[in-house]
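Taking the working numbering, the leading residue of the sequence shown gets 19, the next gets one more, and so forth.
A short worksheet on the structure shown next.
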Amino acid sequence: MLQRMKTRPQRNEAPMSRLRSPLRPPERLRYGAANEAPPAEGERIVLADGRELVLRPIHAGDVAALQRGFAHLSTEEVRLRFLHVMKELPNELAERLCRLDPEREIAFVLADPPGTPDAEIHAGSRAFIHPVTEGAEYALIVQKAYTGLGLGYHLMQRLIAACRARGVRELWGDVLAENHAMLQMCGALGFERHAALHDPGVVRVTLRL
Numbered sequence: 019m020l021q022r023m024k025t026r027p028q029r030n031e032a033p034m035s036r037l038r039s040p041l042r043p044p045e046r047l048r049y050g051a052a053n054e055a056p057p058a059e060g061e062r063i064v065l066a067d068g069r070e071l072v073l074r075p076i077h078a079g080d081v082a083a084l085q086r087g088f089a090h091l092s093t094e095e096v097r098l099r100f101l102h103v104m105k106e107l108p109n110e111l112a113e114r115l116c117r118l119d120p121e122r123e124i125a126f127v128l129a130d131p132p133g134t135p136d137a138e139i140h141a142g143s144r145a146f147i148h149p150v151t152e153g154a155e156y157a158l159i160v161q162k163a164y165t166g167l168g169l170g171y172h173l174m175q176r177l178i179a180a181c182r183a184r185g186v187r188e189l190w191g192d193v194l195a196e197n198h199a200m201l202q203m204c205g206a207l208g209f210e211r212h213a214a215l216h217d218p219g220v221v222r223v224t225l226r227l
């Protein structure tokens with residue numbers, strides 16, 4: 019989890035209480051994120067070592083930044099996220115991930131601040147909303163250099179809040195059974211675990227909204 023942020027957070031900077039504990043938070047803090055998306059200019063996050071990131075919705079112009087971030091993922095990180103190995107993020111797929119269908123998709127990223135040379139996206143969360151069931155499948159990935167800081171938890175809080183505001187009834191995802199970090203985080207956020215009938219090596223996690 020985030021070891022320490024600045025003691026007096028600046029405007030749009032994430033409070034420490036939302037990011038610090040790896041355990042299930044008290045009920046009153048369980049969905050500590052605001053019930054809306056970050057402002058258009060983004061939510062500034064300062065890490066303990068001084069690195070700065072911006073949490074914001076993904077933009078259509080993020081293709082190159084998304085590909086640069088993907089290039090810094092290990093083969094194992096890619097496998098845990100996509101459930102199979104991909105050596106690169108093709109232009110067509112990158113463009114598709116950056117150009118959302120506003121009726122069915124929500125996506126947030128943790129990116130370098132504006133003006134950073136060769137800026138990249140270091141983490142992201144997204145949801146694909148089913149038009150009939152009103153459920154949504156989530157996806158989350160965080161570069162290894164930024165894991166263990168609570169950033170994935172914070173991204174998921176934002177995604178959960180945005181899905182709830184959109185009227186999504188249930189958020190779900192398929193997680194490899196060996197991905198203990200993801201399963202622990204989902205448990206802290208209140209997700210329930212179920213056997214995935216299509217693959218014994220996969221756990222389906224669900225959260226009623």
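Even for Gly, the Cβ is constructed at its ideal location relative to N, Cα and C.
Counting every other CB atom within 10 Å of its CB across the protein chains shown gives Val221 a total of 16 or more, marking it as buried. Short of 8 Å from the beta carbon of Phe126, and not among the five residues preceding or following it, lie these beta carbons of its own chain, in chain order: Ala55, Pro56, Leu73, Arg74, Pro75, Ile76, Gly142, Ser143, Arg144, Leu173, Arg176, Leu177, Ala180. Note: Tyr156 is bridge-paired with Ala145 in the DSSP secondary-structure output. In the three-state reduction of the DSSP assignment, Val150 falls in the coil class. Boundaries of the alpha helix (DSSP H) around Arg86: 81-89. Per DSSP, the continuous beta strand (DSSP E) segment holding Ile124 begins and ends at 123-129. Residue nearest to Tyr164 within the set Ile139, Thr151, Glu152, Glu155 is Ile139 (criterion: CA-CA distance).
Rounded to whole angstroms, the gap between the alpha carbons of Glu70 and Leu128 is 10 Å. When the Cα atoms are used, Pro218 and Glu94 turn out to be separated by approximately 19 Å.
With respect to the 8 Å criterion, Tyr171 and Met200 are not classified as neighbours on the basis of their beta carbons. Comparing alpha carbon positions, the residue from Glu110, Asp130, Ala195, Glu152 closest to Glu123 is Glu152. Under the three-state reduction of DSSP output, Val72 falls in the strand class. Non-local beta-carbon contacts of Gln85 in its own chain, meaning distances under 7 Å to residues more than five positions away in sequence, involve Leu107, Ala112 in chain order. Between the alpha carbons of Glu210 and Cys116 lies a gap of roughly 29 Å.
Excluding its 5 nearest sequence neighbours in each direction, Phe146 has C-beta neighbours in its own chain below 7 Å: Arg122, Glu123, Ala154, Glu155, listed in chain order. Bounds of the alpha helix (DSSP H) holding Leu201 are 198-206.
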